[in-house]
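Undergrad: Residue numbers (my numbering), protein chains in the order written: chain A, 1 to 307; chain B, 308 to 673; chain C, 674 to 1192. Built from N, CA and C at the ideal position, the CB exists for glycine as well. Quick one: this structure, given as structure tokens, is what I'll be asking you about.
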Amino acid sequence: MTLALTNFILSVIATSTPLLLAATGELVTEKSGVLNLGVEGMMLIGAIAGFATMTATGSAVLGVIAGAGAGAALALVFAALTLGLLANQVATGLALTIFGAGLSALAGASFVGVAVPPLPALDIPGLTTLPLIGPVLFGQNALVYLSYAALGGVAWFLYRSHAGLVLRAVGDSHDAAHALGYSVSGIRLLAALFGGAMAGLGGAYLSLAYSPSWAENMTAGRGWIALALVVFASWRPFWLWVGAYLFGAIMYLSFYIQGLGIDIPSQAISALPYLATVVALVLISRDRTRIRLNAPACLGQPFHATA
Amino acid sequence: MLRLRLEPRGARSAMWAAASPLLAVALTVVGAGAIFALLGRAPGEALYTFLIAPLLSPTGVPELFVKAAPLILIGVGLALGFRANVWNIGAEGQFSLGAVFGGGLALAYPDAPAIILFPAMMVAGVLGGMALAAIPAYLRTRFNANEILTSLMLSYVMQFALIYLVTGPLRDPQGYGFPQSALFSDSATAPILIEDTRVHLGVLFALLAAVGGWIVLERSVSGFALRVLGQAPRAARFAGFQEKRLVWLALLVSGGLSGLAGLFEVAGPIGQLLPKLSPGYGFTAIIVAFLGRLHPLGVVPAALVLGLSYLGGDAAQIDLGLPSAVTGIFQGVLLFFLLACDVLILYRVRIVRRGAAPSLKIPGAA
Amino acid sequence: MSGPEEPAPLPEPPLLELRGIVKRFPGSLANDRIDLKLASGRIQALLGENGAGKSTLVKIMYGVLRPDAGEIRWRGKPTMIANPAHARRLGIGMVFQHFSLFDALTVAENIALGLDDPEDRKGLLSRMAEISARYGLPLDARRVVHDLSVGERQRIEIVRCLLQKPRLLIMDEPTSVLTPQEVERLFSTLRQLAAEGCGILYISHKLEEIGALCEEATILRQGRVVAACDPRRETHHRLAELMVGAEIKRPARRKRAASPAPPRLVVDRLSVRSDRQFGTDLKEISLTVGAGEIFGIGGIAGNGQTELMEALSGEIAAGRPDAIRYDGKAIGGLDVPARRALGACFVPEERLGHGTVEAMTLAENGFLSAYVRRSLAKLGLIDRRRADRFAVDVIGRFDVRGGGPGSEARTLSGGNLQKFIVGREILQQPTLLVVNQPTWGVDVGAAIAIQQAIVDLADSGAAVVLISQDLDELLGVCDRLAIIAGGRLSPPRAAADMTMGEIGLLMGGVGPRSADAAA
Chain A
1 MTLALTNFIL SVIATSTPLL LAATGELVTE KSGVLNLGVE GMMLIGAIAG FATMTATGSA
61 VLGVIAGAGA GAALALVFAA LTLGLLANQV ATGLALTIFG AGLSALAGAS FVGVAVPPLP
121 ALDIPGLTTL PLIGPVLFGQ NALVYLSYAA LGGVAWFLYR SHAGLVLRAV GDSHDAAHAL
181 GYSVSGIRLL AALFGGAMAG LGGAYLSLAY SPSWAENMTA GRGWIALALV VFASWRPFWL
241 WVGAYLFGAI MYLSFYIQGL GIDIPSQAIS ALPYLATVVA LVLISRDRTR IRLNAPACLG
301 QPFHATA
Chain B
308 MLRLRLEPRG ARSAMWAAAS PLLAVALTVV GAGAIFALLG RAPGEALYTF LIAPLLSPTG
368 VPELFVKAAP LILIGVGLAL GFRANVWNIG AEGQFSLGAV FGGGLALAYP DAPAIILFPA
428 MMVAGVLGGM ALAAIPAYLR TRFNANEILT SLMLSYVMQF ALIYLVTGPL RDPQGYGFPQ
488 SALFSDSATA PILIEDTRVH LGVLFALLAA VGGWIVLERS VSGFALRVLG QAPRAARFAG
548 FQEKRLVWLA LLVSGGLSGL AGLFEVAGPI GQLLPKLSPG YGFTAIIVAF LGRLHPLGVV
608 PAALVLGLSY LGGDAAQIDL GLPSAVTGIF QGVLLFFLLA CDVLILYRVR IVRRGAAPSL
668 KIPGAA
Chain C
674 MSGPEEPAPL PEPPLLELRG IVKRFPGSLA NDRIDLKLAS GRIQALLGEN GAGKSTLVKI
734 MYGVLRPDAG EIRWRGKPTM IANPAHARRL GIGMVFQHFS LFDALTVAEN IALGLDDPED
794 RKGLLSRMAE ISARYGLPLD ARRVVHDLSV GERQRIEIVR CLLQKPRLLI MDEPTSVLTP
854 QEVERLFSTL RQLAAEGCGI LYISHKLEEI GALCEEATIL RQGRVVAACD PRRETHHRLA
914 ELMVGAEIKR PARRKRAASP APPRLVVDRL SVRSDRQFGT DLKEISLTVG AGEIFGIGGI
974 AGNGQTELME ALSGEIAAGR PDAIRYDGKA IGGLDVPARR ALGACFVPEE RLGHGTVEAM
1034 TLAENGFLSA YVRRSLAKLG LIDRRRADRF AVDVIGRFDV RGGGPGSEAR TLSGGNLQKF
1094 IVGREILQQP TLLVVNQPTW GVDVGAAIAI QQAIVDLADS GAAVVLISQD LDELLGVCDR
1154 LAIIAGGRLS PPRAAADMTM GEIGLLMGGV GPRSADAAA
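Next up, the structure:
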């Protein structure tokens, strides 16, 4: 029983971590008033960059760094277009996803079928072998711990630090922030880069720890689910964690049920996480007041300092 | 230190609205050449293979129209919706459901006379696309749910549904277990318009949709209402245009046209239902809509450009041994450049020295 | 190059001195060789019409904009003010016209955002309390800004400035949104500051205030300094003429109906929940407007004016159909076009984005609201020739300058666009016109033309509801007047019988409520 529960929890952590990483980044980006719909593309680029680097160097650390860097690089393109040239954020985000899918498929063509060892997990003698809590608390790989550190760090940053206050202020009213002398574009650039790096990490987790391998479009919509999670959480870090683990659990269950051989078409079960996303969006969005009070007021609006 | 500075023009520049897509295409060709060079191919030769050679074969130009037809149909609908800030990005799924509805009819009544069966299939295709688009419309107007995410999620769901259908209820019993339906009968196949080519009735309907879309958008009160809603939602309310009705309109029109595109694809070039019906037409049409200036007539040349990227991708795969993903990169880069060039419509770009008065003008910026 | 004349030579260099400041924008010269000297311990005024270049000049002093030419000297030393943080370090504080506040954040967070030095943010709450007490500026640090009144919001800005112990405080149109009582409180704070040695630059176009508060006034017109004087020694009329550069005419007063006309518009206990993020709910609003009457609604912005306007126009649902009756017919359940078809026309407050679509042509913007009454559509298609002709008609009859039917709305100046909007509605020959802030931010010439058009429409028998923040406008044009505060309407009174003091109390939400009057 304990073993089954342990396995269940470990599996849910494994499916939830990429969602949590990517959604944490997007939360910060959106809090600054920038809507980057290119999470899916940045995750794919992060996945292939991490995987290719790992294969080439054999270093998991370099692989993870490359994944984050590649995601941030794509976010830089997004920022240059939307912040520098005031392009429509929705359209640019879609372009990012299309481009990221194409580039990752091209770059990854020679990596299909290659295998790498999964990211090493923590192993503390005496602790990791404890029943249940041992593997869950002390037996994860570095990216899982990083996802928690990032979420906690983001929560602290946004609500306890002055820089986080400035970031929220820019998302709430870019005109007022500009009048006070804050660099709206500079702050948004940093927020977008952070979002890109986190999405890249989410992708790298998939190709280095979850699978670990590369396949075309291996994110399978997780970037979009991460975007939905930010809305689901109403831009609040704690609820982001709840949402990521809820969706991770649904994803895992859809694999699990297929393994049981119940007489339901497997496609119906595979579609479950996507249907659940729609349902979750509906449940949250119907409460317009909550969305209005929590959504950054300038989300998606271009800013040009004319005067 | 040099940097760019944007100065508002005050009014839209009609010249740059027209020139920006051309500049973007030109820059994309240069960019594609650079990417080919990075991949170790001679850029000149690779560009020739990708962009010119596909048109030189006898079937080249007709094939281009065959590829462009679904892009035009979907792109016209998306352009109407995007003008109203209704972001249907689930056209891929609506395309599939249209194909399933129409294709289902074709498989159920293979012996019906074409004069009845084919129009019925077209209607079914439109209804299929509308049915899937109606869900995000309902969820947005009733529950305020973001249609970008819901329409896209439904595309994933539709992909699984399609696999289920062609491996289950609609699988060809004589098909040796392959995941595909039976071939459509002759009366369920789209009529060919030009002999010895694959140019089918859908091409004609695509051009009609472009003209129809133009009339709706530029001349009709509903099209005007869509444009007002997109630019100034409060002004739309002031004018008495109801947002909910317009959201439904935009999603049903784009869904219906996507469904029709799917029907023509299965009743035309494909001829049966398969697990994968589209090489991403629903997403490429988003680029088509933007490259065409969100203008139904502009969608036609834009669809030809992006249709060429599919032909070129195939050619690059066969002749140069490059992955077909080159097409996706070309499309992404094109949209990047387009969005970048569009800044010139509303702004003058000046190069200034940091801290100094404006010095250099960029050509055409006056 | 006539610098302001100093009454006596200063023993030390001026606090801030501007020499030959020039600032160009595409298509306009906002500041043309401006000279200005500001001294410690004095309250000086910068006076000018909308568009005279005051805001541009102030933004240059605060480092938001950079001058194209000219020199700034701070305490005698040539200084390049690089950005607002630099200005604040020098000791320049600024209270903006459109408050630079963040609605979703608390008072304390808003204040912290204006303090650059982490040292300044230590012990913030106790220092806030100290400043609040010393200058009579009560504030609750934990409240979220969107729940606060306009006066409270302004206090946040002032406290934020004072926490940095400024040597110079710039106030950009600070009283345009305050009640007369709040203005009095603000003035005593400013006098106290000046007495402590702080220099104050007070920007306004309100002459009475300047006469009451300032020792010196510099007058700007079309980007230039046209005069400097002691406002206490000049008449208001003289100051106004300097400001406008022409003789000022008020709209022709109309003959007021001796006996009240039969009511055309009857609003009966209208209650509406606002659908805006930080909007105001309407509570039991009742009023009647007769044919030929101009019914004024005054009040501070954000007290339900927008909601009332939209409920009357049909943009938001009115609850009960009979909450709004028009010529005896319950219209509360009708949508906007149906109300227009009955003869009602509307001028919303926001010119761009509500009254017009900025990137659309004047012909299209004419169609926007006139398609019903002027039959500009046939069989679902736009009749472009008629739409064009209608726009040409509006442009010609209402003296709209700077564009033709093919010009985009955003290319017109505020005054000309407002004339187009008002003209568009009036040429539909409405029998009911509801206008919200028709002359806000509009130059004097256009404002008078608009007021005259509204008066003429009422004289021709239409019922007019005029919502405005401008008390002079309301008292000059309206027959009866009521004040909206917190979504409630005061009982209407004849405009001629009301005093500024009474109106001020009502604007602050003090006084009888319409619910009592209805009982």
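1) So within the stretch 851-895 of chain C, which uninterrupted beta strand (DSSP E) runs reach at least 3 residues, ignoring any that extend past its ends?
2) Looking at R337/A: is its Cβ nearer than 9 Å to the Cβ of L180/A?
3) Would you mind giving the Cβ-Cβ distance between T779/C and A806/C, rounded to the nearest angstrom? I have them listed as a contact below 8 Å.
4) Can R534/B and V1009/C be called in contact, C-beta distance under 9 Å?
5) Using 9 Å as the threshold, is the C-beta distance between L227/A and V39/A below it?
6) Pull up the DSSP beta-bridge partners for D941/C, would you.
7) Between which two residues does the alpha helix (DSSP H) harbouring I499/B extend?
8) Can you look up T961/C in the DSSP assignment and give me helix, strand or coil?
9) From the DSSP output, in three-state form, read off P576/B for me.
10) Mapping the DSSP letters down to three states, classify I124/A as helix, strand or coil.
11) So for W394/B, helix, strand or coil by DSSP?
12) Buried or exposed for N217/A, going by 16 or more other Cβ atoms inside 10 Å?
13) For I9/A, does the three-state DSSP call read helix, strand or coil?
14) List the DSSP bridge partners of Y654/B.
15) For Y145/A, does the count of other Cβ atoms within 10 angstroms reach 16, so buried, or fall short, so exposed?
16) With a threshold of 9 Å between beta-carbons, can F389/B be considered close to chain C, or not?
17) The alpha helix (DSSP H) spanning F485/B covers which residue range?
18) Taking S527/B as the query, report the chain C residues whose CB atoms sit under 8 Å from its CB, ordered along the chain.
19) Rounding to the nearest angstrom, what Cα-Cα distance links G382/B and A349/B in this structure?
20) So, does the CB of V166/A fall closer than 9 Å to a CB anywhere in chain C?
21) For the alpha helix (DSSP H) holding K696/C, just list the boundary residues, first then last.
22) Kindly give me the distance between the Cβ atoms of A1155/C and I967/C, rounded to whole angstroms, as I take these residues to be in contact under 8 Å.
23) Taking Cβ-Cβ distances below 7 Å as the criterion, which residues of the stretch 224-251 of chain A are in contact with chain B?
24) From L515/B to L524/B, what distance separates their C-alpha atoms?
25) Which bits of chain A does L459/B rub up against, with CB to CB less than 8 Å?
26) Can you tell me whether R160/A is helix, strand or coil according to DSSP?
27) Output, in chain order, the set of chain B residues within a Cβ distance shorter than 8 Å of D1008/C.
28) Between G509/B and chain A, is any beta-carbon pair separated by less than 9 Å?
29) In chain order, what residues of the same chain lie with their CB nearer than 6 Å to the CB of R286/A, ignoring the 5 residues before and after it?
30) Can you find the residues in the same chain that come closer than 8 Å, C-beta to C-beta, to I455/B, ignoring five residues on each side of it along the sequence?
31) At a Cβ threshold of 9 Å, is L667/B touching chain C?
32) If you measure from the beta carbon of F860/C to each beta carbon in chain A, is any gap under 9 Å?
33) Go through its chain and collect everything with a Cβ distance to G726/C's Cβ below 7 Å, but skip five positions before and after it.
34) In this structure, does DSSP put I262/A in helix, strand or coil?
35) Check whether the stretch 821-833 of chain C and the stretch 846-855 of chain C are in contact - that is, three or more C-beta pairs closer than 8 Å.
36) Where does L553/B sit, in a helix, a strand or coil, going by DSSP?
TA: Per the coordinate set shown:
1) Counting only unbroken stretches of 3 or more residues, the beta strand (DSSP E) elements lying wholly within the stretch 851-895 of chain C are 872-877 and 889-894, in sequence order.
2) No answer is possible for residue 337/A: it lies beyond the span of chain A, which begins at 1 and ends at 307.
3) In the third sequence, the residue the question calls residue 779/C occupies position 106. In the third sequence, the residue the question calls residue 806/C occupies position 133. With 8 Å as the limit, T779/C and A806/C do not qualify as a contact, their Cβ atoms being about 20 Å apart.
4) Walking along the second sequence from the start, residue 534/B turns up at place 227. Walking along the third sequence from the start, residue 1009/C turns up at place 336. Taking 9 Å as the Cβ cut-off, R534/B and V1009/C do not qualify as a contacting pair.
5) Stepping through the first sequence from its first residue, residue 227/A is reached at position 227. Stepping through the first sequence from its first residue, residue 39/A is reached at position 39. Yes, they are a contact pair.
6) Walking along the third sequence from the start, residue 941/C turns up at place 268. The partner list for D941/C (beta bridge, DSSP) is empty, contrary to what the question assumes.
7) In the second sequence, residue 499/B corresponds to position 192, counting from 1. Counting along the chain, I499/B falls outside any alpha helix (DSSP H), and DSSP gives it neither H nor E.
8) Position 288 of the third sequence holds residue 961/C. Three-state result, T961/C: strand.
9) As a working mapping, residue 576/B is identified with position 269 in the second sequence. The answer is helix: DSSP assigns P576/B an H, G or I state.
10) Position 124 of the first sequence holds residue 124/A. If DSSP states are grouped into helix, strand and coil, I124/A belongs with coil.
11) The sequence position of residue 394/B within the second sequence is 87, counting from 1. It is coil, neither helix nor strand.
12) Indexing the first sequence from 1 puts residue 217/A at position 217. Answer is exposed; the Cβ neighbour count stays below 16.
13) Here residue 9/A refers to the residue found at position 9 of the first sequence. Reduced to three states, the DSSP call for I9/A is helix.
14) In the second sequence, residue 654/B corresponds to position 347, counting from 1. Residue pairing by DSSP places Y654/B opposite P315/B in a beta bridge.
15) Position 145 of the first sequence holds residue 145/A. Per the 10 Å Cβ criterion, exposed.
16) Residue mapping note: residue 389/B aligns to position 82 of the second sequence, counting from 1. Not one chain C Cβ lies under 9 Å of F389/B.
17) One-based indexing of the second sequence puts residue 485/B at position 178. Segment: none, F485/B is in no alpha helix (DSSP H) and carries neither H nor E.
18) For this step, residue 527/B is matched to residue 220 along the second sequence. In chain order: G1053, L1054 and I1055.
19) As a first step, residue 382/B must be located in the second sequence, where it is residue number 75. As a first step, residue 349/B must be located in the second sequence, where it is residue number 42. In this structure, the CA atom of G382/B is about 33 Å from the CA atom of A349/B.
20) Counting from one through the first sequence, the residue named residue 166/A turns up at place 166. Proximity of V166/A to chain C, defined by a Cβ-Cβ separation below 9 Å, is satisfied.
21) What you label residue 696/C is simply residue 23 of the third sequence in a count that begins at 1. Note, K696/C: premise wrong, no alpha helix (DSSP H); beta strand (DSSP E) at L689 to F698.
22) Walking along the third sequence from the start, residue 1155/C turns up at place 482. Walking along the third sequence from the start, residue 967/C turns up at place 294. Actually they do not touch by this definition, with Cβ atoms about 12 Å apart.
23) W224, L227, A228 and V231
24) The count along the second sequence starts at 1 and reaches residue 515/B at position 208. The count along the second sequence starts at 1 and reaches residue 524/B at position 217. Cα to Cα, L515/B sits roughly 14 Å from L524/B.
25) For the purposes of this step, residue 459/B is taken as the residue at position 152 of the second sequence. Correct list: G221 and W224.
26) Residue 160/A sits at position 160 when you count from the first residue of the first sequence. Note: R160/A maps to helix in three-state DSSP.
27) Within the third sequence, residue 1008/C is the residue found at index 335, counting from 1. Per Cβ cutoff of 8 Å: G547 and Q549.
28) Residue 509/B sits at position 202 when you count from the first residue of the second sequence. By the rule that beta-carbons nearer than 9 Å mark a contact, G509/B does not touch chain A.
29) Numbered from 1 along the first sequence, position 286 holds the residue referred to as residue 286/A. No residues qualify anywhere along the chain.
30) Counting from 1 along the second sequence, the entry for residue 455/B is found at position 148. Here the set comprises W394 and I396.
31) Position 360 of the second sequence, counting from 1, holds the residue named residue 667/B. Model confidence at L667/B stands at a pLDDT of 35, short of 50, so the residue's coordinates are unreliable; what they give is reported in the following sentence. Cβ-Cβ to chain C under 9 Å: no for L667/B.
32) Looking up residue 860/C in the third sequence gives position 187. So, not an interface residue.
33) What you label residue 726/C is simply residue 53 of the third sequence in a count that begins at 1. So the qualifying residues of the chain are A703, N704, L893 and G896.
34) Within the first sequence, numbered from 1, the residue matching residue 262/A stands at position 262. Here I262/A sits in coil by DSSP.
35) yes
36) Taking the second sequence and counting its residues from 1, the one referred to as residue 553/B is at position 246. Helix at L553/B.
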